[in-house]
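Engineer:
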Amino acid sequence: MSEHTITKTDKSDAEWRELLTPEQYNVLRDEGTERPFTSPLNKQYDKGTYVCAGCALPLFDSDAKFDSGTGWPSFFQPIEGHTEIKRDFKMILPRSEYHCIRCGGHQGHVFNDGPKPTGQRWCNNGVALQFIPADS
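If you count the sequence shown from 1, you need to add 1 to reach this note's numbering.
1. Quick one: what does DSSP say P134 is sitting in, helix, strand or coil?
2. For the region 125–137 and the region 34–42, state whether three or more C-beta atom pairs, one from each stretch, are separated by less than 8 Å.
3. Tell me where the beta strand (DSSP E) around W123 begins and ends.
4. How would you write the range of the alpha helix (DSSP H) that R18 sits in, first residue to last?
5. Just tell me which of Q108, G115, P134, T71 has its CA closest to the CA of E24.
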């Protein structure tokens with residue numbers, strides 16, 4: 002699936018509020034951040050795919066997951082073309098914030114302190130993801 006074949010979702014605020022839990026809405030639609038070490042996905046290391054909790058677009062393969070020690074699920078690379086990055090100045094210093102390309106749901110931030118081969122850490126809010134096991 003390439004960026005050009007992904008149809009963007011067009012839901013109203015009311016539809017998002019009906020679809021998502023309050024915590025998911027806060028993160029995905031209001032660009033909030035969950036507390037560290039609260040997501041069960043932080044310690045999830047089975048084979049599978051991590052999809053957007055808003056629209057189920059695959060965002061990360063389990064092979065790209067690593068334990069960053071930060072308290073949030075972290076990956077060294079996303080599935081190509083499934084995220085978009087914008088600059089975030091909420092913490093004064095600029096950060097690279099990323100969103101699901103299909104629904105625009107806020108996922109987290111990407112930093113340049115991750116492992117090889119990319120050197121990146123895609124630090125994701127667990128509530129913004131769902132894990133789909135490889136054998137399902």
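Positions of the beta carbon are idealized from the N, C-alpha and C atoms, including for glycine. Predicted, not measured: the structure shown is a model, and the values here were computed from it.
Structural biologist: So, to answer that:
1. Looking at P134 - three-state DSSP - the assignment turns out to be strand.
2. yes
3. 122–125 is the span of the beta strand (DSSP E), which, as asked, contains W123.
4. 14–20
5. Q108
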